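Student: Have a look at the structure that comes next, please.
Protein chains: 2
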Amino acid sequence: MKFTIQRDVFVQNIQHVSKAISSRATLPILTGIKIVAFDDGITLTGSDSDISIEAFIPAEDGDNSNVDIERPGAVVLQAKYFADIIKKLPESTVELTLNDQMVTKIRSGSSEFNLNGQDPDDFPRLPEVEEGSQFTLKTDLLKALIKQTAFAVSTAETRPILTGIHWGMESEKLMCTATDSHRLAMREAGVEESGDVEFTNVVIPGKSLTELSKILDDSEETVDVTVTDNQVLFKATNLLFLSRLLDGNYPATKNMIPSQSKTNIQVPAKQLMAAIERALLLSDGKNNVVNLKSLNENELEITSVTPEVGKVTESVSCDAFEGEELRISFNGKNIIDALRVIESQDVAIQFTGAMSPFIMRPADRDYMLHLFSPVRTY
Amino acid sequence: MKFTIQRDVFVQNIQHVSKAISSRATLPILTGIKIVAFDDGITLTGSDSDISIEAFIPAEDGDNSNVDIERPGAVVLQAKYFADIIKKLPESTVELTLNDQMVTKIRSGSSEFNLNGQDPDDFPRLPEVEEGSQFTLKTDLLKALIKQTAFAVSTAETRPILTGIHWGMESEKLMCTATDSHRLAMREAGVEESGDVEFTNVVIPGKSLTELSKILDDSEETVDVTVTDNQVLFKATNLLFLSRLLDGNYPATKNMIPSQSKTNIQVPAKQLMAAIERALLLSDGKNNVVNLKSLNENELEITSVTPEVGKVTESVSCDAFEGEELRISFNGKNIIDALRVIESQDVAIQFTGAMSPFIMRPADRDYMLHLFSPVRTY
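Residue numbers (our numbering), protein chains in the order written: chain A, 1 to 378; chain B, 379 to 756.
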């Protein structure tokens with residue numbers, strides 16, 4: 001194997017596949033990046049037990065020449081060292097030469113590294129993706145779906161299924177749901193031309209989707225998604241992203257959403273967020289308890305208290321108020337998390353009493369829903 | 379006490395005095411900021427056992443009105459909560475009112491905090507600075523002196539005196555020295571008009587000077603320095619910064635500097651730095667050992683190796699080479715630290731053999747000197 005490659009393109013793709021590599025890999029060879037030089041380009045592969053990422057760097061990309069391949073071949077190099085080395089090399093091009101015993105010479109300007117490589121045949125093959133449900137998503141929509149749900153997954157290992165995001169497809173509509181059992185985020189998206197693709201109980205690890213989101217280039221227009229029984233494949237130009245699915249039954253979240261409400265309010269999102277953020281400064285550190293009370297039809301009061309330090313009282317104007325008087329306590333941080341991904345100016349909140357879960361949505365859209373459990377304060 | 383203050387000015391000065399406040403304060407009241415409202419402005423004070431900082435916010439500052447003082451008074455408020463609260467308040471002004479039992483009401487727009495304060499009489503008075511050696515430094519020079527020496531202090535508590543920076547003044551020249559016993563940084567500066575001020579064995583905690591440097595505004599022209607037996611006071615416009623001095627005898631560092639050399643080289647600082655940074659990628663993690671060898675009068679070779687991973691060979695061109703052939707090993711990270719604060723294009727290095735300390739200076743200036751111990755590699 002011998003090739004000369006543009007360093008910036010190399011660095012970017014190494015960073016992409018490195019997202020799949022864990023320093024605590026079960027198989028030692030999985031701390032490495034597999035590099036394969038073909039006649040028409042280079043593939044880089046990184047993998048752990050959950051995620052595999054393969055990036056292809058074409059020799060020619062339009063008018064740009066990325067790689068000049070002198071001799072095809074393959075090697076596995078320690079990701080940790082390799083990524084740092086390529087990033088710090090002095091020139092804009094890098095020459096890689098595979099010598100005997102898998103030692104790989106990396107040259108750039110006045111700098112020469114000789115790294116001990118491993119046999120590429122020992123690197124596990126990517127699982128074959130069998131036939132599955134296929135559809136296409138716009139990249140910006142896919143990134144929005146991830147951003148607007150992934151924050152709500154559970155970080156506790158007690159119920160592993162809740163560390164994933166549930167995807168279901170029905171009638172050309174994709175529904176993404178995440179919950180940690182105290183709050184829930186749902187986001188729906190129309191997927192045109194998905195034809196008769198239907199599936200349910202597809203649970204993708206939240207971490208996989210978060211990593212995917214970091215890699216996806218905003219310039220990519222669409223991503224092809226293939227869902228099988230135990231894995232999901234995302235395919236963008238020159239990039240394959242494969243994740244295992246989580247085993248188990250996801251809770252029936254639709255039943256959790258109250259269909260009626262006793263108090264409906266509409267408030268400006270930014271003011272609500274700023275008021276809760278300030279209230280959190282004096283809420284007890286562990287449960288982030290914030291109290292909300294309706295003063296009248298135009299005004300909400302948000303309070304919190306840490307007895308030894310002091311208390312805070314915030315006033316927020318309502319754009320609309322309908323129904324019963326209100327007095328409820330909740331985890332303020334959960335509300336802030338949801339307000340961060342709601343892009344609308346106003347939010348609508350529907351309460352069903354102090355002890356019942358309540359719903360928050362963007363006031364002008366119905367494709368998104370956030371559900372929160374209240375906190376008992378007595 | 380009651381006053382209304384511009385929030386941005388308040389935030390900035392709270393941040394300044396907070397630099398003196400440790401969350402592990404020995405006296406509980408020292409986790410607080412003392413706020414005193416006078417007729418002509420507000421002082422804020424923060425203090426721990428090493429550092430005390432007092433900021434004055436004048437009611438009027440040129441054409442700007444900073445504070446509108448309705449009623450003088452004083453209180454101590456928990457720094458941790460107070461700083462965050464003021465930063466997050468909604469409006470550009472803040473009203474503070476001291477009520478009974480030291481409870482302080484903080485109002486801004488629709489937001490109201492009531493914080494439990496403490497009695498300002500319980501806050502320790504700043505130590506009086508007796509008569510001492512006085513001189514004036516330009517602010518940018520003071521910041522340069524700190525930056526170019528503070529990195530070399532010891533972080534180990536085994537020899538506390540080495541956690542400080544030694545200042546000595548003689549014949550209108552201030553000499554600043556820091557060493558952790560493996561490397562040493564020295565910086566000299568002419569201090570005109572310091573008259574007959576002379577002192578030695580003044581050792582200022584490195585941490586004090588680093589914090590001072592963060593606070594000093596680049597717009598300040600000069601800082602007045604007063605050195606006494608056990609403390610040093612830095613006085614800028616509206617700011618007092620007081621630090622205790624370290625007890626003990628600082629080592630006689632002048633004797634450590636070799637007066638002769640066997641090999642003198644001159645190399646471009648940036649190329650040397652980049653080559654050593656790359657060599658560090660494969661040096662063993664703990665001692666950062668990098669090897670240097672003269673190939674000929676025009677070229678140095680820098681190498682390092684981690685047997686199980688690989689090796690690196692860098693070549694650096696010399697601008698000048700004089701004397702014996704050279705082969706030496708050193709802690710590469712220490713050299714990088716020094717190269718970062720040398721602002722010259724080229725550095726001159728004087729070696730006295732593989733087992734002797736060596737000197738690095740900017741090639742075009744003699745006000746700065748860095749000394750390094752070599753590392754035995756056999």
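A virtual CB, placed ideally from N, CA and C, is assigned to each residue, including glycine.
Predicted model, so just to flag it, every value in this text is computed and none were measured.
Please confirm if the region 207 to 217 of chain A is in contact with the region 179 to 196 of chain A, defined as three or more CB-CB distances below 8 Å between the two stretches.
Tutor: As far as the Cβ criterion goes, the region 207 to 217 of chain A does not touch the region 179 to 196 of chain A, which means the pair count is below three.
Student: Scan the region 434 to 461 of chain B for residues whose Cβ lies nearer than 8 Å to a Cβ of chain A and list them as they occur along the chain.
Tutor: Those residues of the region 434 to 461 of chain B that come within reach of chain A (Cβ to Cβ, closer than 8 Å) are Q456 and Y459.
Student: Would you check if there are 3 or more beta carbon pairs closer than 8 Å linking the region 229 to 238 of chain A to the region 254 to 265 of chain A?
Tutor: no
Student: Should N296(A) be labelled buried (16 or more other beta-carbon atoms within 10 Å of its own) or exposed?
Tutor: With fewer than 16 neighbouring CB atoms inside 10 Å of its own CB, N296(A) falls in the exposed class.
Student: Along the chain, where does the beta strand (DSSP E) that runs through T136(A) open and close?
Tutor: Looking at the DSSP string, the run of the beta strand (DSSP E) that includes T136(A) is S133 to K138.
Student: Note down the Cα distance separating V603(B) from L520(B), rounded to an integer number of angstroms.
Tutor: 10 Å
Student: Does the contact criterion of 3 or more C-beta pairs under 8 Å hold for the region 314 to 329 of chain A versus the region 477 to 491 of chain B?
Tutor: yes
Student: In whole angstroms, give me the CA-to-CA distance for T557(B) and I464(B).
Tutor: 40 Å
Student: Taking the alpha carbon of G568(B) as the point to measure from, which residue in E598(B), V581(B), F513(B) and I413(B) has its own alpha carbon closest?
Tutor: F513(B)
Student: For A37(A), I'd like the list of residues in its chain whose CB is within less than 6 Å of its CB, leaving aside the five on either flank, ordered along the chain.
Tutor: Excluding positions up to five away in sequence, the list reads M1, F3, I69, P72 and G73.
Student: Chain A partners of K689(B), CB-CB under 8 Å?
Tutor: F113 and N114
Student: Count the other C-beta atoms from every protein chain shown that fall within 10 angstroms of the C-beta of A630(B), then say buried if there are 16 or more, exposed otherwise.
Tutor: exposed
Student: Answer yes if the region 405 to 413 of chain B comes into contact with the region 499 to 510 of chain B, meaning at least three C-beta pairs across the two stretches below 8 Å, and no otherwise.
Tutor: yes
Student: For L594(B) versus C554(B), is the C-beta distance shorter than 8 Å?
Tutor: no
Student: Starting from the Cα of P101(A), find the closest Cα among E95(A), P90(A) and N116(A) and give me that residue.
Tutor: One point to set straight first is that residue 101(A) is Gln, not Pro, in the sequence displayed. If we check each option's Cα against that of Q101(A), N116(A) comes out closest.
Student: How would you call E432(B), buried or exposed, if buried means at least 16 neighbouring beta carbons within 10 angstroms?
Tutor: buried
Student: Can you tell me whether V387(B) is helix, strand or coil according to DSSP?
Tutor: DSSP places V387(B) in the helix class (H, G or I) of the three-state scheme.
Student: Output the distance between the C-alpha atoms of I429(B) and L620(B), rounded to the nearest integer angstrom.
Tutor: Each residue's Cα considered, the two are about 6 Å apart.
Student: If we define contact as Cβ-Cβ less than 8 Å, is L281(A) a contact residue for chain B?
Tutor: yes
Student: For K40(A), which residues from the same chain have a beta carbon less than 6 Å from its beta carbon, with the 5 sequence-adjacent residues on both sides left out?
Tutor: The amino acid occupying residue 40(A) in the given sequence is Asp; Lys does not appear at that position. Exclusion of the five residues before and after D40(A) leaves A59 as the residues of its chain whose Cβ lies within less than 6 Å of its Cβ.
Student: Going along the chain, which residues of the region 541 to 555 of chain B sit with their C-beta nearer than 7 Å to a C-beta in chain A?
Tutor: none
Student: Taking 8 Å as the cut-off, decide whether the C-beta atoms of V341(A) and K147(A) are in contact.
Tutor: yes
Student: Less than 6 Å between C-beta atoms, sequence neighbours within five positions excluded: which residues of the same chain meet that for L618(B)?
Tutor: Non-local C-beta neighbours of L618(B) in its own chain, meaning closer than 6 Å and more than five positions away in sequence, comprise E432, ordered along the chain.
Student: Please look up how many angstroms separate the CB atoms of T43(A) and L77(A), rounded, as I've assumed it's under 8 Å.
Tutor: With a Cβ gap of about 14 Å, T43(A) and L77(A) do not count as contacting.
Student: Nearest chain D C-beta to I85(A) closer than 8 Å, yes or no?
Tutor: This model lacks chain D altogether; the protein chains it does include are A and B.
Student: Once DSSP output is grouped into helix, strand and coil, what is the label at V719(B)?
Tutor: Correct three-state label for V719(B): helix.
Student: Rounded C-beta distance between L98(A) and R7(A)? I'm assuming under 8 Å.
Tutor: About 18 Å separates the CB atoms of L98(A) and R7(A); that is not less than 8 Å, and the two are not in contact.
Student: Taking A652(B) as the query, report the chain A residues whose CB atoms sit under 7 Å from its CB, ordered along the chain.
Tutor: Per Cβ cutoff of 7 Å: P90.
Student: Report all residues from its chain with a CB closer than 6 Å to the CB of N114(A); omit the five preceding and five following residues, and keep chain order.
Tutor: The beta carbon of N114(A) sits closer than 6 Å to the beta carbons of V103 and K105 from its chain, once the five residues preceding and following it are set aside; these are given in chain order.
Student: At what residues does the alpha helix (DSSP H) containing T210(A) begin and finish?
Tutor: The continuous alpha helix (DSSP H) containing T210(A) extends over residues G206 to I215.
Student: DSSP three-state call for M368(A): helix, strand or coil?
Tutor: strand
Student: In chain A, which residues lie less than 8 Å from E473(B) when you measure between Cβ atoms?
Tutor: Per Cβ cutoff of 8 Å: no residues; E473(B) is ~14 Å from chain A at best.
Student: Report the option in L515(B), Q723(B), S511(B) and F460(B) whose CA atom is closest to the CA atom of T600(B).
Tutor: L515(B)
Student: So the candidates are R376(A), L369(A) and V375(A); which of them puts its Cα closest to the Cα of R187(A)?
Tutor: Nearest to R187(A) by C-alpha distance, out of R376(A), L369(A) and V375(A), is L369(A).
Student: Please name the residue or residues paired with Q638(B) in a DSSP beta bridge.
Tutor: None, per the DSSP bridge assignment.
Student: Using a Cβ-Cβ cut-off of 8 Å, state whether S315(A) counts as contacting chain B.
Tutor: Yes, contact with chain B.
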